Amino acid sequence: DAKTTQPPSMDCAEGRAANLPCNHSTISGNEYVYWYRQIHSQGPQYIIHGLKNNETNEMASLIITEDRKSSTLILPHATLRDTAVYYCIVRVPFNTGNQFYFGTGTSLTVIP
Amino acid sequence: AAGVIQSPRHLIKEKRETATLKCYPIPRHDTVYWYQQGPGQDPQFLISFYEKMQSDKGSIPDRFSAQQFSDYHSELNMSSLELGDSALYFCASSFFENTPGNTIYFGEGSWLTVV
Chain Z
6 DAKTTQPPSM DCAEGRAANL PCNHSTISGN EYVYWYRQIH SQGPQYIIHG LKNNETNEMA
66 SLIITEDRKS STLILPHATL RDTAVYYCIV RVPFNTGNQF YFGTGTSLTV IP
Chain W
19 AAGVIQSPRH LIKEKRETAT LKCYPIPRHD TVYWYQQGPG QDPQFLISFY EKMQSDKGSI
79 PDRFSAQQFS DYHSELNMSS LELGDSALYF CASSFFENTP GNTIYFGEGS WLTVV
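Line order of the protein sequences matches chains Z and W.
When we follow this note's numbering, the leftmost residue of the first sequence carries the number 6, and every step to the right adds one.
When we follow this note's numbering, the leftmost residue of the second sequence carries the number 19, and every step to the right adds one.
1. From His82 of chain Z to Val133 of chain W, what does the alpha carbon distance come to, in whole angstroms?
2. How would you list, in chain order, the residues of chain Z whose beta-carbon sits under 7 Å from the beta-carbon of Leu106 of chain W?
3. If you measure between the beta carbons of Asp60 of chain W and Ser66 of chain W, is that distance less than 8 Å?
4. Note down the Cα distance separating Ile69 of chain Z from Thr10 of chain Z, rounded to an integer number of angstroms.
5. Where DSSP assigns a beta bridge to Lys40 of chain W, which residues make up the other side?
6. Using 8 Å for Cβ pairs, my map puts Pro12 of chain Z next to Thr84 of chain Z. What's the rounded Cβ distance?
7. Are His47 of chain W and Ser111 of chain W touching if we call contact CB-CB under 8 Å?
8. Nearest-angstrom Cα distance between Glu19 of chain Z and Ile52 of chain Z?
9. Grab me the residues of Asn24 of chain Z's own chain with a C-beta within less than 7 Å of its C-beta, minus the 5 sequence neighbours each way, in chain order.
10. Taking the C-alpha atoms as reference points, what is the distance between Met71 of chain W and Arg21 of chain Z?
11. So who's on the other strand from Thr111 of chain Z, going by DSSP bridges?
12. Using a beta-carbon distance cut-off of less than 7 Å, what residues from the region 43-69 of chain Z approach chain W?
13. Give the residues of chain Z in contact with Phe124 of chain W, contact being defined as C-beta atoms less than 7 Å apart.
14. Is Asp80 of chain W close to the ligand COA? I mean its beta-carbon at under 7 Å from any heavy atom of the ligand.
15. Mapping DSSP to helix, strand and coil, what is Leu130 of chain W?
16. Quickly, what does DSSP pair Tyr107 of chain W with across the bridge? List them, please.
17. With DSSP as the reference, label Leu99 of chain W as helix, strand or coil.
18. So that I know if they touch, is there some Cβ in chain W lying closer than 8 Å to that of Gly34 of chain Z?
19. With 8 Å as the threshold, decide whether the Cβ of Phe113 of chain W is near any Cβ in chain Z.
20. Distance, Cα to Cα, Asn100 of chain Z vs Ile116 of chain Z?
21. Is Gly110 of chain Z close to chain W, meaning its C-beta is less than 8 Å from at least one C-beta of that chain?
22. So is Cys41 of chain W in contact with chain Z if we call contact Cβ pairs under 8 Å?
Below, the structure is given as structure tokens:
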């Protein structure tokens, strides 16, 4: 299984961009990088995912390095409601399953 | 848009009792996943089903069992409850399990408290 490594916590000023890094140095060629977030005790919320190319949606941008060993989630204008634990997940193909295994995540605090 | 529905949202049981949690996936989703999240912990994968067959098994205790029904809803049955089973239980669903780029969506969870 490809493991992910994220900083345990980060702060970001409200209105500024939040850049959350993730290392996944053992990722295999067909594994996608997913980002989810969990606001206190709510269900994990899907943010974005990608394979090789950078991706952008209405919530965030995902930058994946060319060697795919790391990625960065960018929240362009962080708000207080973005305070959450952010999980970087590499999807593991396993027999007929493609499970999501959560690591420890990054606790992002947006500061007024 | 319809989301993953879990019931009940809160449940209190005594030790050694049995509890059943239900999950209704997003319409047309054929795969469901169960996760357990203890206090201050990250979600742990328990078990998943694809087209009503168990597709993968994680750290699910032997006291727990689950199944997926013909309408794709799933139930997690927990017997001989222990205090340590107190947790938030999430169900998630997706479509076409074998597509790596596919996305899974989570419900809001069911709080189980064992006293």
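Where is the CB? At the ideal position from N, CA and C, for every residue including glycine.
The structure presented is a predicted model; accordingly, all values stated were derived computationally and were not measured.
Result, derived from the coordinates:
1. 43 Å
2. Ser46
3. no
4. 14 Å
5. W:Ser25 and W:Glu93
6. That belief does not hold up - the Cβ atoms of Pro12 of chain Z and Thr84 of chain Z are roughly 21 Å apart, past 8 Å.
7. yes
8. 19 Å
9. Thr77 and Ile79
10. 46 Å
11. Z:Tyr91
12. Ser46, Gln47, Gly48, Pro49, Tyr51, His54 and Leu56
13. Gly48 and Pro49
14. Among the components modelled here there is no ligand, and therefore nothing to report on the ligand COA.
15. strand
16. W:Gln54 and W:Ser128
17. coil
18. no
19. no
20. Confidence in Asn100 of chain Z is poor, its pLDDT being 44 and thus under 50, which makes the residue's placement unreliable; the coordinate value appears in the next sentence. Each residue's Cα considered, the two are about 43 Å apart.
21. yes
22. no
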